[in-house]
Amino acid sequence: KAGGATAIGAGPNTTTLQIERTLEDLPTGGPLNIIGKNLTETSIEIIWDEIAEADRNGIILGYKIHYKNLRTNAVNEIEVGTHRVANISGLDWFQEYEVKMCGKTSVGYGVWSNPLITISTDEWIPQLPPLNVRSGNITGTTIQLLFDNIADPFSNFGYPIASKINVTAVSNIFQQQEIQYGGPNSAIITGLNEYTNYSLSVAVGTRRGFLVFAQPILVRTDFGPPSLPPDDIFAQKINSTALRFRFELIPPDDRNGLITKYLVNIRQLNVDTSWTTYEVLENGAVKSLDIGGLEKWRDYEFTVAGCTIVCGVESAIAIIRTDQDLPEMPPANRTAGPETSTSIKVQWDVVPEGFRRGIITAYHVMYKDDTIEPPDWKETSITAPTQEVVLSTLKFFTSYSFKIAAETVKGRGNHSIEFSTKTLEDVPEVFPSNLTCINGSSSTIDCGWDQMLQVHGQVNGIIAGYRIYYNVLDCAKAELADCNENTTFVDEVTVPDLLHTISSLKNYTEYEIQIELFNSLATGPKSPKIIISTDEDIPASPPTNVEGFTMSTTSVSIYWDDVPWGTSHGIITGYVCYYRRMNDGPPADELRILMQENQKRKRRSIESFEMDDYLTGNQNMSSESTLTLTRQRRALPSGGYLYPEEAQYANASESGMIIEDLVLYQWYTLRLAAMTSKGPGPTFDLNVSCAQAVPVTGPNITIYDKFSFTEMTLNWSTLSYADSQGTVLDYNIIYYPVRRNGIDLAPVDQDVTSLWFEFPTQGVELNNLEPFVTYAFQSAAQTFAGPGTFSKPFYAETCRCEKNFKAVYRNHMPYFGIENGEQIGLLKNVVTEATNLCCGNCSNGHGTTNIIWESPMTSVSELNDAIFDDTDFVLPIETDKINTYYKSRPFVGILDSPGVSVFSLKVEYLNLTNNMILNGVLILWSFVAIVALIVMALGLIMWIVQCHPLQLNRTNKEAFPDTFSHGAGAGLWWAFNTVLRIGYGDIVATGKLGRIFSIPIIAVGIAISATLIAGVSSILLAYSVQKTEGSIFSKKVVAMNESYDQLVIKRMAGIISETAGDTVELIEVLRSKRVDRMAVDAIYAAYHSEKMSDPDVIFRGIKESGATQGIVFGGRALRLEKCFRKYFHDKKVELIERIKAIIDADKRNYADSELLDKRNAMIKYESDIWMFLIKVLGGVFLGAFIIGCIFQCQYYRHNKVYAYVITHKTCDHFYEKEARQMLKKFEEHFEKKINKIEVKHAFEREYLIKNMRKYVEWLTPDQVNKYKF
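Going left to right, the sequence shown walks through residues 5 to 1273 as our numbering numbers them.
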């Protein structure tokens, strides 16, 4: 188009447009994507794409193809049309051609394509045979055929891939083999006959086939091994070390060439050696070979084979043995052992396998007596296979030598080396000579004898030892009670000893002695008897029936009988009596036995005792009683005695003595012994005293300790000899009450208790005494003469309480607790004061009673469990103040609780009269919020139902406008009127759908109205019941764990919804508003006032609980209940005033309380269910709102469409067309998505299955079941 322009500006363009095109030109580019392929051996096909549009420069009218033979450089061109495919024929076989193309417009041909492509024609059958055919390596069954390339390897044939060879044997048997081309230019022919002429020709082929064979060549295969071994092979023995082998020649047809030699292989049978090979040259005759140097009498295996240039198969293995010879070794494992004293058994094994050299037929045993010089060998022969012989009629205990040889049919072999043994021992024929004995002591005899020579016929063996026999000659003369002349004792003496001491003999006793020798087999004869006596010794026993008697206050007597028979051990020459004053008198049990014996004689008293009567009485004492009185001397702790020992002697004819000038009233230890020339023997000890009297007074009594209010320890002193007038045997302690609870007792009420204690007891623990009672104690001592006089009374009082009481407590301040390891609290001090008052101070005892506080308990349940343990005090125990027992144990209340302190959160007062209903609504805010959401959702849904396009013939269009801004408000107004059952009637639902939807809304409205009215009524009723600020009636209350406050709360109709462990936890629970009130013991709250100081918590008042904090008694403290109860009753007023002052000082009064805290109450929710409903209804409301907005937008957007629908009274066509379009788009989109998902999931499924199968293989059956694969 064109337009003019002036200096002022451009004018309008022409309105008519004309289109023009520029002229064509040569193409500037060639065809694209040129590819080619061969069709036959003389034609190819070329395919290409059009020239790029930018390079055409006109309309393409045709193409020119330029192709060149790369081998001959011959060039040709052809022109083709626009069909983009061309066939070129008349080409050479199997040649490569270089091809390029150009396009043509009306102007001419353009530039050639780049790059060039190369295409080859197909292969064909070779037209020439290979050159220079020849043979290579030749074996008996194979020939290697070699040849050169075809004269013109590229003369239109192709690539050689195989060789075909014609093989013709001289026997005119033709066979043809096709061999894969192995290159370069070779072929291997196998499976031929050995030593045979073959005519061979070869042709080379491509994949298209074979055509021309070369001129045949003649080739002979090489020699092969003979097919069979030689015939008629046999062997024969020459001697024991040589064999001869003979065999026939191999038949000509089986030789496979010229036989050059024969091989004979031989080796010893069953021996791990290699084959030995011998050669026999071919000379046309029967073959024979002699082989020597073999081992004697051995099995050999051999084979024979014939050979050309290679050897053929071997004959079957044959076996032959060399001839026998003399054995090369004697029998093995030769042994000889004695059978008896005159016979020896000789045994041997066979000759070793490799040295027999034949069959053993006999054995020869030679033997000689080693004691005879010169040697005299004797021989005996044994026929094989026997391998033992017994040689008899030999000498006793004599050494013999042996040697053995084996024999074959060839003769006897070498003898073995000599070996020897002895015959067994026999009974000795002599006894030891020159036996001499002397006494060594009173219990030993020393004996000696001469050594015996090993003379044949006398000892007959090796002397193993000697036996000495001895016995008592005359038992009566020796005074032996357990003696028997026929009892013989034996002592054995081992060689080489020739001296022996006989020990453990009887003292001063004659013995008969004999001796004999013995070997390992038997014993020889005994020697003649000799008689000898042992020496004297001290007596073995003291005199019998030893008795001691009191003669006067300064003398005693002792009497005895002879030494027991057989224990004098010599001639008794006299008696000796040793006496010594005792350090502290004899043991009390001895004196007690003496007293018992005297009482049997009914003696009146020791003062009126006459010596004659005493002696008469002692004559009836048994020896057992007398022995019971004997005791060993008692040493002082330092190991010595206070008094020296003296001695008095008597002749052998005397049987008694009197010892005088002794100390008054004292006890003496007497020791009596008999004497021989060797000295005195053992002593008989007894204790005897001078005459004694009864004690003149008792020992002094003292109180050592008072363990408890029922126990004390008594001690008493030791009496001097002047006061005891003898040896103290026993102590008599008596005690009786004289004063009880500060009141003297009459003699008739004084129950006397008498206790006896053996000497040297000096103390006793008295149990089961009465508490707080004064006792009188007296003591008396008893000697051999009898009991003495009692001491003066000693007075002592028992304690009121135990030394220690065990107490268990719970850490519950301010009543009881622990701080810095010490117990503190209100009850700790008063309990300690009450204990000190009720128990008092135990003088001469433990003093003040202590309370041992155990580790604190952590809970009330643990404290209750401790009541039934061995515990004296358990505190603090909280229970009703009228109780006197707790858990079946006595209980004493100490501190009465003022009551339970009630706390709540601080709230602002609302006018109960004017705002009562509003408060109810506020408390039911969550319910009201849900109702509001329901009403709004129903109103939106009703508007949607009434304004929906399908709601045709609407008669309430004015009531429910189409716009969201007007129609939604009308729906909400209608929903509130219907749900709250107001029913103004200004807006009504019309149509079947609207009326059906209205029915459930009316039913829901009835339920909502009834619920709201009931909730408000219940709140009004609760406010009317709650007349005081501190009331916990029907309130949720938090209290302390395991506290008595819980019982009080239940009595006041409170609801215990939670419990806490400490004050902080109580405050946290109250602040969380999960409860309405907090109730805690008033004293506890006052003590923890700082912890309970919270600006949001207000004190509501104290409710009387009737509780008290006290103590439970158990164990040893049960009897203190009455004293404690009286003490705490007297102190109760003082304690109450102290506690009341603490509570009044800590009360916190606030002007007003708040019933509700608006900051928290308006966000409070009752449970998760309410929140879930609010979320659901909120979602419904939000959904309805969004749908309404959509309707509003659709209304303005499709106003014309709606008008069309309303005008024609139908919308079927409109909706059908729109629905079809939407459905079509949806189907197309859905199909694409499905296809993509199927492709993707098919691959993933295959991959997953493959991997899961592998994984399952690694799993055990239990794991497979577990993972459900």
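Positions of the beta carbon are idealized from the N, C-alpha and C atoms, including for glycine.
Just so you know, these numbers come straight off a predicted model, no measurement behind them.
Contact between residue 304 and residue 272 holds: their C-beta atoms lie close to 6 angstroms from each other, under 8 angstroms. One thing to note: residue 729 has its Cβ no nearer than 8 angstroms to the Cβ of residue 766.
For residue 221, the uninterrupted beta strand (DSSP E) run begins and ends at 221-224, by DSSP. Residue 86 is a Cβ neighbour of residue 66, given a cutoff of 8 angstroms.
For the beta strand (DSSP E) assignment, the uninterrupted runs of no fewer than 3 residues enclosed by the stretch 767-805 are, from N- to C-terminal side, 767-770, 777-787 and 798-801.
Just so you know, the alpha carbons of residue 1088 and residue 797 end up roughly 58 angstroms apart. Contact between residue 63 and residue 109 holds: CB atoms are separated by about 6 angstroms, below the 8 angstroms threshold. Looking at the backbone, the Cα of residue 512 and that of residue 476 are separated by about 11 angstroms. By the Cβ test, the stretch 19-27 is not in contact with the stretch 68-79, since fewer than three Cβ pairs between them sit closer than 8 angstroms. The residue among 279, 293 and 700 with its C-alpha nearest the C-alpha of residue 791 is 700. For residue 1123, the closest alpha carbon among the candidates 411, 895 and 933 is that of 895. CA-CA distance, residue 732 to residue 648, rounds to 23 angstroms.
In the three-state reduction of the DSSP assignment, residue 11 falls in the coil class. Taking a contact as a CB-CB distance under 8 angstroms, the pair residue 997 and residue 949 counts as one, their CB atoms being some 5 angstroms apart. When only Cα atoms are considered, residue 1005 and residue 1182 end up about 18 angstroms apart.
Taking a contact as a CB-CB distance under 8 angstroms, the pair residue 125 and residue 45 counts as one, their CB atoms being some 5 angstroms apart.
DSSP places residue 840 in the uninterrupted alpha helix (DSSP H) bounded by 830-843. Using a Cβ-Cβ distance cut-off of 8 angstroms, the stretch 771-791 and the stretch 743-752 are in contact, since at least three pairs of beta carbons, one from each stretch, lie closer than that value.
Apart from the 5 residues on each side of it in sequence, residue 508 sits with its Cβ closer than 7 angstroms to the Cβ of 447 in its chain, given in chain order. Rounded to whole angstroms, the gap between the alpha carbons of residue 1092 and residue 938 is 50 angstroms. Residue 1081 sits in a strand when the DSSP states are folded into three classes. Spatial neighbours of residue 1082 in its own chain (CB-CB distance under 6 angstroms, excluding positions within 5 residues in sequence) are listed in chain order as 907, 1042, 1070 and 1074.
Its chain contains 897, 900, 1110, 1111 and 1112 as the residues whose beta carbon lies nearer than 7 angstroms to that of residue 885, once the 5 sequence neighbours on both sides are disregarded; these appear in chain order.
When the alpha-carbon of residue 470 is set against those of 444, 528 and 515, the nearest one is in 528. In this structure, residue 133 sits near residue 217, with a CB-CB distance shorter than 8 angstroms.
Ranked by how close their Cα comes to the Cα of residue 566, the residues 522, 657, 530 and 541 have 657 in first place. In this structure, the straight-line span from the alpha carbon of residue 137 to that of residue 257 is close to 32 angstroms. Two segments are said to touch when three or more pairs of C-beta atoms, one from each, lie closer than 8 angstroms; by this definition the stretch 222-239 touches the stretch 139-155.
In the displayed model, residue 654 falls within a strand according to three-state DSSP. When the alpha-carbon of residue 706 is set against those of 737, 1121, 18 and 312, the nearest one is in 737. Around the beta carbon of residue 1233, a 10 Å sphere encloses fewer than 16 other beta carbons of the protein chains shown; the residue is thus reported as exposed.
The straight-line gap separating the alpha-carbon atoms of residue 579 and residue 454 is approximately 46 angstroms. Residue 1226 counts as exposed, since fewer than 16 other beta carbons sit within 10 angstroms of its beta carbon.
Shown here, residue 338 sits in coil according to DSSP, grouped into three states, outside any helix or strand. Three or more Cβ pairs drawn from the stretch 418-427 and the stretch 335-350 lie within less than 8 angstroms of each other, which places the two stretches in contact. Within the model, the alpha-carbon separation for residue 570 versus residue 441 is close to 24 angstroms.
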